[in-house]
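2 protein chains.
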Amino acid sequence: MKFTVNRLEFIKSLTDVQRAISTKTTIPILTGLKLKLEAKGLTLTGSDADISIETFIPAEDDKAQLQVEEPGQVVLTARIFSEIIKKLPEDTLTLEVTENYQTEILSGTASFSIKGLNAENYPHLPEINAEDTLNLESDILKQIIGQTVIAVSTQESRPILTGVHLAIKNGQLSAVATDSHRLSQRKIAINVADSVTYDIIIPGKSLSELSKMIGEDVAQVEVRISENQVLFEFNNTTFYSRLLEGNYPDTDRLIPKDSDTEIDFNASEFLASIERASLLSHAGQNNVVKLALNTENQKATIYSNSPEIGNVEEELKFQKLAGNDIEISFNPDYMKDALRSFGQSTITISFNAPLRPFTLVPSEDQEHFIQLITPVRTY
Amino acid sequence: MKFTVNRLEFIKSLTDVQRAISTKTTIPILTGLKLKLEAKGLTLTGSDADISIETFIPAEDDKAQLQVEEPGQVVLTARIFSEIIKKLPEDTLTLEVTENYQTEILSGTASFSIKGLNAENYPHLPEINAEDTLNLESDILKQIIGQTVIAVSTQESRPILTGVHLAIKNGQLSAVATDSHRLSQRKIAINVADSVTYDIIIPGKSLSELSKMIGEDVAQVEVRISENQVLFEFNNTTFYSRLLEGNYPDTDRLIPKDSDTEIDFNASEFLASIERASLLSHAGQNNVVKLALNTENQKATIYSNSPEIGNVEEELKFQKLAGNDIEISFNPDYMKDALRSFGQSTITISFNAPLRPFTLVPSEDQEHFIQLITPVRTY
Chain F
142 MKFTVNRLEF IKSLTDVQRA ISTKTTIPIL TGLKLKLEAK GLTLTGSDAD
192 ISIETFIPAE DDKAQLQVEE PGQVVLTARI FSEIIKKLPE DTLTLEVTEN
242 YQTEILSGTA SFSIKGLNAE NYPHLPEINA EDTLNLESDI LKQIIGQTVI
292 AVSTQESRPI LTGVHLAIKN GQLSAVATDS HRLSQRKIAI NVADSVTYDI
342 IIPGKSLSEL SKMIGEDVAQ VEVRISENQV LFEFNNTTFY SRLLEGNYPD
392 TDRLIPKDSD TEIDFNASEF LASIERASLL SHAGQNNVVK LALNTENQKA
442 TIYSNSPEIG NVEEELKFQK LAGNDIEISF NPDYMKDALR SFGQSTITIS
492 FNAPLRPFTL VPSEDQEHFI QLITPVRTY
Chain W
142 MKFTVNRLEF IKSLTDVQRA ISTKTTIPIL TGLKLKLEAK GLTLTGSDAD
192 ISIETFIPAE DDKAQLQVEE PGQVVLTARI FSEIIKKLPE DTLTLEVTEN
242 YQTEILSGTA SFSIKGLNAE NYPHLPEINA EDTLNLESDI LKQIIGQTVI
292 AVSTQESRPI LTGVHLAIKN GQLSAVATDS HRLSQRKIAI NVADSVTYDI
342 IIPGKSLSEL SKMIGEDVAQ VEVRISENQV LFEFNNTTFY SRLLEGNYPD
392 TDRLIPKDSD TEIDFNASEF LASIERASLL SHAGQNNVVK LALNTENQKA
442 TIYSNSPEIG NVEEELKFQK LAGNDIEISF NPDYMKDALR SFGQSTITIS
492 FNAPLRPFTL VPSEDQEHFI QLITPVRTY
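Just so you know, the protein sequences line up as chains F and W, in that order.
One point on numbering: in my numbering, the residue at position 86 of the first sequence is 227, and numbering is uninterrupted.
One point on numbering: in my numbering, the residue at position 348 of the second sequence is 489, and numbering is uninterrupted.
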């Protein structure tokens with residue numbers, strides 16, 4: 142195996158593939174990066190068994206200027222290989238695999254020789270023969286991911302909750318995540334036949350990594366779903382994730398249908414107030430802030446108290462307040478995550494009772510995005 | 142005590158003073174920030190016993206818009222106080238100390254109340270009645286610090302070596318640091334009477350912190366030295382550091398007077414080569430690279446080898462090579478630190494024998510700056 146390639150283009154592919162490579166894996170060969178050189182181009186593969194990423198540098202790519210001298214394949218320790226490539230002196234590099242997978246890397250007058258491994262021992266990536274492909278705009282996909290992964294559970298006690306539940310039915314995609322303290326649900330109409338139905342759970346971690354990889358230059362992402370894998374394709378990159386097995390809980394019944402008190406906030410202004418209040422709640426033992434709404438006086442006030450440090454009180458600006466008076470306590474970190482997902486828009490928060498979950502929706506479009514937070518009981 | 146001040150200007154002073162405040166101190170009151178309000182202005186003080194920093198906001202400062210309503214003083218927990226100030230909603234803030242040092246912080250509709258401490262219990266800063274003051278250009282001072290602190294020892298086994306030795310004599314300032322494996326020495330003519338002599342050792346950590354605080358807007362720094370303290374004054378900031386006690390070793394005798402082999406490199410090009418070679422030396426057990434100079438063939442080559450990973454070899458570009466052939470092994474991290482202190486300039490490296498220290502000097506001005514590195518014995 143021998144090729145020459147533009148170093149900066151090679152680094153781009155390498156960086157993408159490295160997202161899937163963990164240094165902590167128990168399968169030694171997975172700390173490696175697989176390079177496979179064919180006449181048509183060079184494929185880089187990285188995997189941590191949950192996520193696998195493949196990038197392809199075509200032989201005809203103008204920027205990469207790949208020169209295929211001798212096809213072949215090898216696995217190289219990803220961390221040290223990538224450090225070497227990043228520090229090479231020239232704009233191009235030549236890589237050659239000699240006896241016993243020993244690999245020479247040449248650039249200018251610098252020459253590295255590192256040990257390689259037999260690529261035959263690298264695990265095979267899953268084959269996905271899905272007939273249907275979904276096309277999603279990359280902006281929308283990144284938005285859906287950003288809005289839902291915040292609510293996935295980070296605890297392995299109920300593995301199913303570490304994923305985002307994606308359902309496609311009647312031309313609508315619905316994504317929902319909950320860690321049982323809060324829930325985030327996003328719905329969107331997509332351009333597929335009504336007959337296309339899917340019901341899958343994708344690990345939140347996979348979606349976060351995927352989102353980071355989709356750059357500004359990607360317009361569309363092609364999605365293929367098989368029984369236990371999902372595949373995302375864009376540019377010359379393929380991203381595989383395993384699916385979580387099991388039944389996702391029925392989340393529809395958790396969302397209250399009506400409310401007793403409603404308040405409209407600018408999401409980013411309310412976020413700033415919550416951040417101030419949480420300074421003291423974080424310093425104390427109970428990470429709780431209290432919101433008091435008084436409809437008659439048209440007053441909304443937030444409080445937090447940490448006996449060791451002090452307390453904070455702030456009267457909030459709001460757009461509209463109606464319904465019954467209420468005092469409700471909640472974890473400000475959940476509120477911060479939820480508010481960030483609304484950006485600058487105006488939101489409506491709807492309450493029932495001090496111990497019943499409350500919801501946040503965009504005031505303009507209440508149907509397609511909802512965040513739910515369970516309050517904290519305080520005495 | 143009560144005042145109103147521009148929040149951003151207050152944050153600047155606060156940030157400077159916080160450099161001296163450690164959260165890990167064993168003296169609880171030193172986790173606090175002292176605020177002292179007088180008719181002439183507000184003084185902020187932070188200290189970790191080794192370093193103390195005072196900043197002053199004058200009542201007449203246009204930007205700070207300080208309004209002194211009632212003089213007084215208080216000590217507030219620095220970390221939470223600074224977080225609160227940074228998150229306040231408006232451009233100004235009002236701070237008022239009420240009963241039992243309870244402190245109210247108001248900005249817009251947000252109001253914080255935190256516990257304060259009696260400022261009478263805060264340690265007094267040392268009084269420095271030095272008659273002589275030295276004036277140093279801030280650029281020169283930062284350069285001297287940057288070039289010497291790299292070589293101070295980080296080990297407490299010989300505390301004296303954790304400092305930089307500053308000597309002033311015959312109108313010349315000399316700064317030297319060594320951790321016994323390497324040495325850095327800078328000399329510079331300064332504008333003081335020949336009769337002014339000082340011989341002090343300043344902790345390297347103090348100098349690093351001082352250097353970070355001296356911004357672009359500072360032209361001159363005033364230095365006062367007393368028996369066990371040194372004081373640096375600039376703008377409205379005063380920086381105190383304790384001095385290390387004891388005799389600094391005689392370093393002049395460590396610097397070789399002649400050499401058998403000399404090579405001239407561009408410092409930044411040589412640095413890039415050393416960084417490549419050190420990728421493999423770091424990965425292995427011995428952090429060593431080898432430099433081989435062959436005068437007859439006019440070749441300079443660097444090698445590193447890590448049995449577990451692989452090896453690297455690079456032929457180096459240089460400007461001039463003369464003298465005896467030599468092969469020498471050294472710790473690449475010492476070499477990297479030394480080379481960085483020369484920036485883009487051309488340097489001359491002078492060798493005697495494989496186990497004798499070698500020196501680096503700027504090719505243009507060999508008298509005023511020298512770095513010395515002790516080689517590593519390899520078999």
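Glycine residues also receive a C-beta, built at the ideal position from the N, C-alpha and C atoms.
This structure is a prediction, so every number in the text was calculated from the model and none was measured.
When secondary structure is reduced to three states using DSSP, W/LEU420 falls in the helix class. Taking 7 Å as the CB threshold, F/ASN376 stays off the interface with chain W. Note that the stretch 392 to 408 of chain W touches the stretch 481 to 495 of chain W; at least 3 beta-carbon pairs, one per stretch, sit closer than 8 Å. In this structure, the beta-carbon distance from F/SER248 to F/PRO264 does not fall below 7 Å. Taking C-beta atoms under 8 Å as the contact rule, F/LEU217 and F/LEU171 fail to qualify, at a distance of about 13 Å. Legend: CB atoms of the stretch 245 to 262 of chain W lying less than 7 Å from CB atoms of chain F belong to residues THR250, ALA251, SER252, PHE253, SER254, ILE255 and LYS256. Rounded to whole angstroms, the separation of the alpha carbons of F/ARG383 and F/ILE343 is 7 Å. In the three-state DSSP reduction, F/SER382 falls in the strand class (E or B). Of all residues in the stretch 428 to 457 of chain F, the ones placed with a Cβ closer than 7 Å to any Cβ belonging to chain W are ILE450, GLY451, ASN452, VAL453, GLU454, GLU455 and GLU456, in chain order. Contact check for F/ALA219 against F/GLY257 fails: the beta carbons are separated by 7 Å or more. F/ILE490 is the residue among F/GLY451, F/HIS306, F/ASN241 and F/ILE490 whose C-alpha sits nearest the C-alpha of F/GLN460. The Cβ neighbour count for W/GLY187, taken over all protein chains shown within 10 Å, is at least 16; the residue is labelled buried.
Going by DSSP, W/SER315 is part of no alpha helix (DSSP H) but of the beta strand (DSSP E) stretching over 313 to 319. Taking the CA atoms as reference points, F/VAL502 sits about 28 Å from F/ASN446. Taking 7 Å as the cut-off, the Cβ atoms of F/ILE341 and F/LEU372 do not count as close. Contact check for F/ARG160 against F/GLU350 passes: the beta carbons are separated by less than 7 Å.
Close CB contacts of F/VAL333 within its chain, under the 8 Å cut and outside five residues either way in sequence, are with ASP273, LEU275, ILE309 and GLY312 (chain order). Around the beta carbon of F/ASN241, fewer than 16 other beta carbons sit within 10 angstroms, so the residue counts as exposed. Under the three-state reduction of DSSP, W/ASN241 is assigned to helix.
W/ARG327 is bridged by DSSP to W/ALA316 and W/PHE510.
The closest CA to that of W/VAL430, considering only W/THR244, W/PRO267, W/ARG518 and W/PRO498, is found on W/ARG518. In the DSSP assignment, F/ALA433 falls within the unbroken beta strand (DSSP E) covering 430 to 435.
Taking a Cβ-Cβ cut-off of 7 Å, the neighbours of W/ALA413 in chain F comprise PRO230, given in sequence order. Excluding five sequence positions before and after W/ILE286, the CB atoms of its chain that fall closer than 6 Å to its own CB belong to LEU348 and SER352, given in chain order. For F/ALA219, there are no C-beta contacts with chain W under 7 Å, since the nearest C-beta of that chain is about 13 Å from it. Inter-segment contact for the stretch 142 to 153 of chain F and the stretch 202 to 209 of chain F is present: three or more beta-carbon pairs are separated by less than 8 Å. Rounded to the nearest whole angstrom, the C-alpha separation of W/SER163 and W/PHE222 is 14 Å. Residue environment analysis places F/ALA251 among the buried positions, since at least 16 neighbouring C-beta atoms fall within 10 angstroms of its C-beta.
Look at W/ARG481: its C-beta is not under 7 Å from any C-beta on chain F. Among the CB atoms of chain W, one or more fall inside 7 Å of the CB of F/GLU416.
Taking the Cα positions, W/ILE225 is about 45 Å away from F/ILE226. Counting only Cβ-Cβ distances below 9 Å, W/LEU420 has contacts in chain F at ILE221, GLU224, ILE225, LYS228 and PHE253, in chain order. By the Cβ-count criterion, W/SER294 is buried, with 16 or more other Cβ atoms from all chains shown falling within 10 Å of its own Cβ. Below the 8 Å Cβ cutoff, chain F contributes ILE221 as neighbours of W/ALA424, in chain order.
For W/ASP405, the enclosing beta strand (DSSP E) has its first and last residue at 402 to 407. Around the beta-carbon of F/GLN214, 16 or more other beta-carbon atoms lie within 10 Å, marking it buried.
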